[in-house]
Amino acid sequence: MLLLQPLLGGLRPALAQAPLARMISVVWFKRDLRVTDHAPLREAARHGPVLPVYLFEPDLLAQPDASPRHLGFVLECLDELETRLAALGSPLQRWQGEATRVLAELHTRLGPFRLFSHEETGNLASYRRDRDVARWCRAHAIEWQQWPSAGVVRQLHDRDAWSTLWVARMTPPPLAAPDALQAPPALSPSPLRLFPGEAPRGLAWHPDALPDQPGRQTGGRQQARRLARHFFDQHLPDYRKGMSSPLSAGDTCSRLSPYLAFGCVSVQEVIHAVWRRRAELQALPPELRPRGHLAGLKSFESRLHWHCHFIQKLESEPTLETQEMHGAFAGLRDAHFSPERLTRWCRGETGFPLIDACMAMLRHTGWINFRMRALLVAFSSYQLWQPWQRPALHLAREFLDYEPGIHYPQVQMQSGTTGINTLRIYNPVKQARDQDPDGRFVRQWLPALARLPDEWLFEPWNMPRTTQQRVGLVIGRDYPEPLVDHEAAARHARDTLWALRKDEVVRREARTVYEKHGSRNPAREGAPRKRRSRQTTATDSALQLGLDFG
Numbered sequence: 002m003l004l005l006q007p008l009l010g011g012l013r014p015a016l017a018q019a020p021l022a023r024m025i026s027v028v029w030f031k032r033d034l035r036v037t038d039h040a041p042l043r044e045a046a047r048h049g050p051v052l053p054v055y056l057f058e059p060d061l062l063a064q065p066d067a068s069p070r071h072l073g074f075v076l077e078c079l080d081e082l083e084t085r086l087a088a089l090g091s092p093l094q095r096w097q098g099e100a101t102r103v104l105a106e107l108h109t110r111l112g113p114f115r116l117f118s119h120e121e122t123g124n125l126a127s128y129r130r131d132r133d134v135a136r137w138c139r140a141h142a143i144e145w146q147q148w149p150s151a152g153v154v155r156q157l158h159d160r161d162a163w164s165t166l167w168v169a170r171m172t173p174p175p176l177a178a179p180d181a182l183q184a185p186p187a188l189s190p191s192p193l194r195l196f197p198g199e200a201p202r203g204l205a206w207h208p209d210a211l212p213d214q215p216g217r218q219t220g221g222r223q224q225a226r227r228l229a230r231h232f233f234d235q236h237l238p239d240y241r242k243g244m245s246s247p248l249s250a251g252d253t254c255s256r257l258s259p260y261l262a263f264g265c266v267s268v269q270e271v272i273h274a275v276w277r278r279r280a281e282l283q284a285l286p287p288e289l290r291p292r293g294h295l296a297g298l299k300s301f302e303s304r305l306h307w308h309c310h311f312i313q314k315l316e317s318e319p320t321l322e323t324q325e326m327h328g329a330f331a332g333l334r335d336a337h338f339s340p341e342r343l344t345r346w347c348r349g350e351t352g353f354p355l356i357d358a359c360m361a362m363l364r365h366t367g368w369i370n371f372r373m374r375a376l377l378v379a380f381s382s383y384q385l386w387q388p389w390q391r392p393a394l395h396l397a398r399e400f401l402d403y404e405p406g407i408h409y410p411q412v413q414m415q416s417g418t419t420g421i422n423t424l425r426i427y428n429p430v431k432q433a434r435d436q437d438p439d440g441r442f443v444r445q446w447l448p449a450l451a452r453l454p455d456e457w458l459f460e461p462w463n464m465p466r467t468t469q470q471r472v473g474l475v476i477g478r479d480y481p482e483p484l485v486d487h488e489a490a491a492r493h494a495r496d497t498l499w500a501l502r503k504d505e506v507v508r509r510e511a512r513t514v515y516e517k518h519g520s521r522n523p524a525r526e527g528a529p530r531k532r533r534s535r536q537t538t539a540t541d542s543a544l545q546l547g548l549d550f551g
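Residues are numbered in the working numbering as their position in the sequence shown, beginning at 1, plus a constant of 1.
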């Protein structure tokens, strides 16, 4: 992996202040909790003592997208990372405090040091943090070198070149872990230091923080490796067909998304695993190849590509976390914000069984498949006509695999605020019949509806009163009335948005949005770019990627 010039600076002349062999290299772990395919760690190991550091930053932990479930997963990942780094010779140190305060403490105790890390495409708070760190490094003559994360290109000037750059990034084999690390001298106790295995102290979570999910996945690289092996061995034939339904997706999808989000494994490692498996299959005579495996690999690989494609959007425009990608859609729904609608959507009390069952599963496990994620966002945006920002924050806290760079562009895409994607206004009753035809998913996650006859399960509000009383479920008492007339609400949303998109000024801005963010892959999108640049509604919508890659 190529070392890029640091975007945020640091001063190379600082290296003259201390001999290379004696200067300590501080490796700052963020969303890259592994030792394999970790360029900053490997480079630091070449230059002498290495101090691996993980920071618990109060400002980031207090952000409205932060969640106890993310922290619980990270702590499990850190336990495994600590063991691995200790075996290499330099254990991980946990520090609690704002990044510049911790760096100042290290500077006092170590003297001049080098700071190595991966680039991070996170939320706006982490973006501001990185700018503060860059200023601190410049002021103290500290060199901060950052390496690219996956296929995301910092300071990308032309989206046309991105796919080529992505391939170039993915082609080299993943880096092996260092053979050994030289530990620096032991640091004396500090009020900012945490003991090995210790969690941060004094957290002030947002008021509506939920407890950790009882059914969430366990953190750590070894679990990610087990899931990957199981996916490649067992589920490739069923992947394409099974990913859409909440009944089958939990088993047929890889479930690697949280491990990629927190960097227990790298995209490059998974891509190379795909390529190795493909080569193994292609080496077999056609009659001996397991049916469906090559097609499953192709579909899975495309989602790894789109994983980086969406993160690139936020890297290129960090304000997408809060501001509409297309300015004409800014504030479109603000006057219609309803705390009651938002609360009932968050709690899974909308009166639409598939929507509420998805929220129940998400609340328990921290995961739901891509089609149902799109359905949840679309229902909030179109049928409930709510601004996307607050639902996005709720889902960020619920999703164990929350990846800001995928999350916000995807929420905007599903909310119809990009101006370049086809509107996907899902019918929650039709989706229930298509994806859960026997009602098993709804009955599992909404046990109150378990006794309903099939004919009323997805539209319980239409059930005759006598039937409600006979089965012991009265609508409005035992299960909510529907929040809206979903068909009338969908018509209103469709008419409003398409009327806006037909305006020539809106169309011109959509072309600008496409130039900055639209996909350029002709194999997926059909027509040459020059002919497609005016067709702004069929860019990324060629593939409805989920908020995790599968």
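Every residue, glycine too, gets a C-beta built ideally from N, C-alpha and C.
- The continuous alpha helix (DSSP H) containing R129 extends over residues 125 to 140.
- The shortest CA-to-CA distance from T219 to any of T366, A336, T37 is the one to T366.
- At a cut-off of 3 residues, not a single continuous stretch assigned as beta strand (DSSP E) sits fully inside the stretch 184 to 262.
- Residue pairing from DSSP leaves H308 without any beta-bridge partner.
- In the structure shown, L484 adopts coil according to DSSP, grouped into three states.
- Cβ-Cβ distances below 7 Å link L107 to V27, F114 in the same chain, with the five nearest sequence neighbours on each side left out; the list follows chain order.
- Secondary structure in the stretch 63 to 102: the alpha helix (DSSP H) runs of 4 residues or longer, each lying completely within the stretch, are 69 to 89 in chain order.
- DSSP places V378 in the helix class (H, G or I) of the three-state scheme.
- Per DSSP, F338 lies in no alpha helix (DSSP H) segment and is marked neither H nor E.
- If you compare the alpha carbons of R478, A284, Q97 with that of P190, the shortest gap goes to Q97.
- Excluding five sequence positions before and after C347, the CB atoms of its chain that fall closer than 7 Å to its own CB belong to H395, given in chain order.
- For S164, no beta strand (DSSP E) run applies; the uninterrupted alpha helix (DSSP H) run containing it begins and ends at 163 to 171, by DSSP.
- DSSP lists Y480 as the beta-bridge partner residues of I476.
- Straight across, the Cα-Cα distance linking A151 with L321 is about 20 Å.
- Going by DSSP, R115 is part of no alpha helix (DSSP H) but of the beta strand (DSSP E) stretching over 114 to 119.
- Taking 8 Å as the cut-off, the beta carbon of I421 is found closer than this to the beta carbon of A511.
- About 14 Å separates the CB atoms of L355 and A250; that is not less than 8 Å, and the two are not in contact.
- Residue environment for K431: exposed (fewer than 16 other C-beta atoms within 10 angstroms of its C-beta).
- Y427 carries a coil assignment under DSSP once its states are collapsed to helix, strand and coil.
- At a Cβ-Cβ threshold of 8 Å, A491 and Q384 count as neighbours.
- Between I25 and P65, the C-beta gap is not smaller than 8 Å, which leaves the two residues out of contact.
- For S303, DSSP records no beta bridge to any residue.
- In the three-state reduction of the DSSP assignment, S317 falls in the helix class, which pools H, G and I.
- Sequence-distant partners of L248 (beyond 5 residues in either direction) whose C-beta falls short of 8 Å from its own C-beta, in its chain, are Q436, D437, R441, F442.
- Boundaries of the beta strand (DSSP E) harbouring Q147: 145 to 148, taken from the DSSP string.
- Judged by DSSP in its simplified three-state form, L396 adopts helix.
- Annotation: F30 to R372 spans about 33 Å, alpha carbon to alpha carbon.
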